[in-house]
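Down below is the structure, laid out as structure tokens.
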Amino acid sequence: MNGDGQQPIVSASNLRKKFAAPWGSGSAPVKAVDGVNIHVARGETLGLVGESGSGKSTLGRLLLRLLEPDTGSIVFEGSNLTRMSSWRLRRLRPRMQIVFQNPYSALNPRMRVHQIIGFNLSAARLSGVNRRARVAEVLKLVGLDRDILGRYPHQLSGGQAQRVGIARALVSSPTFLVADEPLSALDLSVQAEILNLFGDLQERLNLACLFISHNLQVVRHVAHRVAVMYEGRIVELGSRDAVYEDPLHPYTRLLLSAIPTGARSSDIAGARATRQRLKDELRELGPETDLREVRPGHSVALSSIRVDTPRPIALAQE
Ligand SMILES: Nc1ncnc2c1ncn2[C@@H]1O[C@H](COP(=O)(O)OP(=O)(O)OP(=O)(O)O)[C@@H](O)[C@H]1O
Ligand SMILES: [Mg+2]
Numbered sequence: 002m003n004g005d006g007q008q009p010i011v012s013a014s015n016l017r018k019k020f021a022a023p024w025g026s027g028s029a030p031v032k033a034v035d036g037v038n039i040h041v042a043r044g045e046t047l048g049l050v051g052e053s054g055s056g057k058s059t060l061g062r063l064l065l066r067l068l069e070p071d072t073g074s075i076v077f078e079g080s081n082l083t084r085m086s087s088w089r090l091r092r093l094r095p096r097m098q099i100v101f102q103n104p105y106s107a108l109n110p111r112m113r114v115h116q117i118i119g120f121n122l123s124a125a126r127l128s129g130v131n132r133r134a135r136v137a138e139v140l141k142l143v144g145l146d147r148d149i150l151g152r153y154p155h156q157l158s159g160g161q162a163q164r165v166g167i168a169r170a171l172v173s174s175p176t177f178l179v180a181d182e183p184l185s186a187l188d189l190s191v192q193a194e195i196l197n198l199f200g201d202l203q204e205r206l207n208l209a210c211l212f213i214s215h216n217l218q219v220v221r222h223v224a225h226r227v228a229v230m231y232e233g234r235i236v237e238l239g240s241r242d243a244v245y246e247d248p249l250h251p252y253t254r255l256l257l258s259a260i261p262t263g264a265r266s267s268d269i270a271g272a273r274a275t276r277q278r279l280k281d282e283l284r285e286l287g288p289e290t291d292l293r294e295v296r297p298g299h300s301v302a303l304s305s306i307r308v309d310t311p312r313p314i315a316l317a318q319e
């Protein structure tokens with residue numbers, strides 16, 4: 002059981018993954034994920050935020066074992082994924098799914114929508130009638146009409162294509178879903194619709210969901226807890242309110258301190274000075290420390306907590 006009394010669906014300990022630096026660069030390997038401990042409980046959305054390159058997608062893929070970790074273990078529904086045979090892993094696949102950023106590149110352009118969604122049912126060995134019924138059911142769940150079943154991906158709008166991507170992930174009734182920047186490739190007007198759909202699905206399906214985004218406003222909308230990732234490590238983890246209202250790590254505070262659009266020039270100057278101080282603080286941080294719970298449900302990777310830097314003045318889109 003975790004601190005919230007909910008059984009974790011997935012939990013990982015001491016996960017590490019390095020990638021070789023580009024050939025000929027002479028650089029050291031990149032520590033994409035560097036000692037992460039994390040869990041996601043049933044019915045919970047854990048938001049994972051951090052800048053580009055901080056390791057979010059690598060962590061999401063490791064948790065699904067789409068990538069092999071160098072070290073560490075992952076337990077999914079009580080079974081150790083890291084030691085599992087590929088045969089057993091294949092049988093578990095329908096229960097852990099992913100929604101990708103770009104729906105068009107994630108959908109096979111030569112398959113019609115009903116084939117795309119139905120494909121993930123092949124392991125379930127349903128009869129044709131039951132398959133069609135399940136596809137129709139999940140189509141309704143994601144708010145699509147049956148008349149798109151015969152279309153190809155290029156005949157769909159961005160919002161429709163992402164709904165198909167979500168339907169494909171949900172058709173096999175997963176218990177764990179990784180959503181990797183599922184809104185970033187969509188028009189602004191469609192983003193809110195898909196975001197609301199995630200909220201809706203979360204409530205109805207009681208999923209464990211890892212929702213990855215560099216957009217802090219988006220994560221605030223859907224997540225129950227938030228993990229902040231910086232250079233391959235989780236540097237802050239807590240309930241949404243704790244992390245947004247009382248961010249403790251300078252990196253979290255930097256992420257939250259985007260200069261507000263339309264602010265007065267005096268506010269802009271103040272925000273810039275705050276950001277500079279936070280950058281200095283981040284540079285001066287001592288040796289890396291483990292996450293430490295500083296109050297119930299709020300952990301931070303700092304050996305001591307400084308409170309002299311003003312709190313972020315506003316949350317604005319980067
Ligand atoms: N297959 C790979 N081969 C080599 N390096 C990789 C590979 N995948 C990721 N990396 C490197 O690992 C680090 C983490 O990458 P990752 O894609 O996990 O970051 P991210 O937080 O998802 O970034 P973004 O917000 O841009 O999607 C980066 O330095 C990246 O260049
Ligand atoms: Mg990514």
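Note that the sequence shown covers residues 2 to 319 in our numbering. Idealized CB from N, CA, C, for every residue including glycine.
Discussion item. Assess contact between the region 298-307 and the region 233-242, defined as three or more Cβ pairs (one per stretch) separated by less than 8 Å. Is contact present?
Written reply: Put simply, the region 298-307 touches the region 233-242. At least three CB pairs are less than 8 Å apart.
Worksheet item: What is the residue span of the beta strand (DSSP E) that Ile149 lies within?
Response: Run containing Ile149: none; DSSP gives neither H nor E here.
Fill in: Candidates Gly36, Arg133, Trp24: closest to Pro339 by CA position
Outside the shown range of the chain, which is 2 to 319, sits residue 339, and nothing can be said about it.
Practice prompt. Classify Lys57 as buried or exposed, calling it buried when 16 or more other Cβ atoms lie within 10 Å of its own Cβ.
Written response: So Lys57 ends up on the buried side.
Worksheet item: Within the chosen definition, does the region 6-19 reach the region 48-66 through at least 3 CB pairs nearer than 8 Å?
Response: By the criterion of at least three beta-carbon pairs nearer than 8 Å, the region 6-19 is in contact with the region 48-66.
Practice prompt. Measure the alpha-carbon distance for Asn38 versus Arg147 and round it to whole angstroms.
Written response: Whole-angstrom Cα-Cα distance: 42 Å.
Worksheet item: Would the C-beta of Phe20 count as close to ligand 1, meaning under 6 Å from any of its heavy atoms?
Response: True, at least one ligand heavy atom lies under 6 Å from that Cβ.
Fill in: Buried/exposed call for Glu246, threshold 16 Cβ in 10 Å
Around the C-beta of Glu246, fewer than 16 other C-beta atoms lie within 10 Å, and the residue is accordingly described as exposed.
Worksheet item: Taking a cut-off of 6 Å, which residues have a beta-carbon closer than that to any heavy atom of ligand 1, in chain order?
Response: Qualifying residues, in the order they occur: Phe20, Val31, Ala33, Gly51, Ser53, Gly54, Ser55, Gly56, Lys57, Ser58, Thr59, His215.
Worksheet item: Should Arg273 and Thr176 be called a contact, given that it needs their Cβ atoms to be closer than 7 Å?
Response: No.
Item to complete: Give the straight-line distance between the Cα atoms of Leu67 and Arg276, rounded to the nearest whole angstrom.
Response: Just so you know, the alpha carbons of Leu67 and Arg276 end up roughly 37 Å apart.
Discussion item. Pull the bridge partners of Asp281 from the DSSP assignment, please.
Written reply: Looking at the DSSP assignment, Asp281 forms no beta bridge with any residue, so it has no partner.
Fill in: Candidates Ile10, Leu49, Ser28, of which the one nearest Arg226 by Cα
That would be Leu49, whose Cα lies nearest to the Cα of Arg226.
Practice prompt. Hey, could you find the ends of the alpha helix (DSSP H) Pro104 is sitting in?
Written response: Following the DSSP letters along the chain, one finds Pro104 inside the alpha helix (DSSP H) bounded by residues 104-107.
Worksheet item: Cα-Cα, which of Val41, Thr46, Leu82 is closest to His222?
Response: Ranked by how close their Cα comes to the Cα of His222, the residues Val41, Thr46, Leu82 have Thr46 in first place.
Worksheet item: Where do the ends of the alpha helix (DSSP H) carrying Pro251 lie?
Response: Start and end: 251-257.
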